[in-house]
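Just so you know, the sequences run in chain order V and F. The opening position of the first sequence corresponds to residue 777 in the numbering used here, with each subsequent residue numbered one higher. The opening position of the second sequence corresponds to residue 777 in the numbering used here, with each subsequent residue numbered one higher. Backbone N, C-alpha and C fix where the C-beta goes; we use that ideal spot for every residue, glycine too.
Number of protein chains: 2
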Amino acid sequence: MIDTHELFHLLHQRVRFVTKEFNQQLSAHGLYHSQWAIMYCLERFGPMTQTAIWKYLNVEAPTITRTITRMEKNDWVIRRQGGDKRERVVELTEKAKKKYEQVNQAVYQYEQETISRLTREEVDQFYSILQKLGPEGGEG
Amino acid sequence: MIDTHELFHLLHQRVRFVTKEFNQQLSAHGLYHSQWAIMYCLERFGPMTQTAIWKYLNVEAPTITRTITRMEKNDWVIRRQGGDKRERVVELTEKAKKKYEQVNQAVYQYEQETISRLTREEVDQFYSILQKLGPEGGEG
DNA sequence: TACAATTATTTACCTGGGTAAATAAAAAAA
DNA sequence: TTTTTTTATTTACCCAGGTAAATAATTGTA
Chain V
777 MIDTHELFHL LHQRVRFVTK EFNQQLSAHG LYHSQWAIMY CLERFGPMTQ TAIWKYLNVE
837 APTITRTITR MEKNDWVIRR QGGDKRERVV ELTEKAKKKY EQVNQAVYQY EQETISRLTR
897 EEVDQFYSIL QKLGPEGGEG
Chain F
777 MIDTHELFHL LHQRVRFVTK EFNQQLSAHG LYHSQWAIMY CLERFGPMTQ TAIWKYLNVE
837 APTITRTITR MEKNDWVIRR QGGDKRERVV ELTEKAKKKY EQVNQAVYQY EQETISRLTR
897 EEVDQFYSIL QKLGPEGGEG
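Spelled out as structure tokens, the structure:
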């Protein structure tokens with residue numbers, strides 16, 4: 777029987793470790809993992825309002841405001857006004873579109889490498905377990 | 777075959793979710809999860825130098841300096857000088873010792889509840905998978 | 001239409017992770 | 001012994017998560 781303290785401690789530790797490595801990989805491209813998550817999202821779904829972004833990424837609105845502001849400063853995204861004047865629609869810049877594939881490759885490679893210590897079955901188990909940890913208990 | 781982007785995205789999301797809930801539970805006691813981690817550590821091992829703490833928790837030294845400073849302000853720990861004048865030995869205050877069991881109960885209950893959606897087998901798998909994600913690949 | 005409620009975003013302020021560089025004390029070496 | 005190197009901690013400054021409250025625009029309603 778595993779001590780739950782140990783389990784949660786290990787969970788936090790490993791996530792910090794992975795995030796740190798992830799950021800190190802991305803630093804070569806001038807990005808951080810949260811910025812990449814937004815880039816990935818915009819490439820996948822096209823221009824989005826900030827609300828759509830934070831709802832998708834499951835973070836709070838102020839977090840996105842801040843990160844998008846930084847990304848805009850570094851010429852990764854631009855914001856234009858939506859049909860609704862409250863909305864700000866975010867889209868990738870030409871620079872971001874141009875560099876996307878290269879960064880994607882680096883990320884993909886890092887992820888594969890990290891996962892390489894797991895069997896295919898363990899990867900499936902991992903995904904399934906993580907889903908069950910969520911608010912919807914894995915049915916959503 | 778699972779998309780690794782999805783997997784890592786899910787990992788981050790779930791950890792944020794769990795951390796948030798954890799903090800909410802602890803807020804009733806005036807603590808945050810990182811502070812609890814330190815309290816747990818000190819209760820388990822007794823007074824420790826800051827270096828011993830950050831090495832055990834696997835974070836960087838400045839992180840511990842900051843959190844310990846906050847905990848000292850809130851009367852959870854005190855720092856005294858070690859035999860080596862560079863060292864600062866941290867120990868729990870009377871308040872912390874008095875409240876420890878109560879907080880521990882709350883934490884334990886939350887952790888059990890969170891894990892309750894997993895089978896015993898899945899908990900074991902989860903632990904084992906997390907170990908393999910680390911720098912030592914699970915052998916350490 | 002005028003007023004109230006909702007929605008999108010922002011601001012201010014917390015915690016907590018990181019790195020780089022500065023101190024101060026101890027240990028090692030010349 | 002004096003000097004150099006290492007070690008423990010701190011400071012300054014990032015990024016990223018959170019909450020509470022403020023704005024501004026849109027919807028809903030009396």
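Contact check, residue i vs residue j, beta carbons under 8 Å
| i | j | result |
| --- | --- | --- |
| P823/F | E867/F | yes |
| I840/F | I854/F | no |
| L787/F | Q907/V | no |
| E898/V | I905/F | yes |
| Y886/V | Q801/V | yes |
| Q826/V | R862/V | no |
| F798/F | H781/F | no |
| V835/V | V791/F | no |
| Q811/F | T843/F | yes |
| V794/F | L833/V | no |
| Y876/V | E819/V | yes |
| W852/V | A882/V | no |
| D900/F | I778/V | yes |
Boundaries of the alpha helix (DSSP H) in which residue i is found, first to last residue
| i | result |
| --- | --- |
| T780/V | 780–803 |
| E897/F | 896–908 |
Status (buried if at least 16 other CB within 10 Å, exposed otherwise) for residue i
| i | result |
| --- | --- |
| A804/F | exposed |
| T895/F | exposed |
| F784/V | buried |
| F902/V | buried |
| A837/F | exposed |
| G916/V | At G916/V, the pLDDT of 43 sits below 50, so the modelled position is not reliable and the matter cannot be decided from this model. |
Mind listing, in chain order, the continuous beta strand (DSSP E) runs of no fewer than 3 residues lying wholly within the stretch 817–889 of chain F?
The qualifying runs are 853–857, 864–868.
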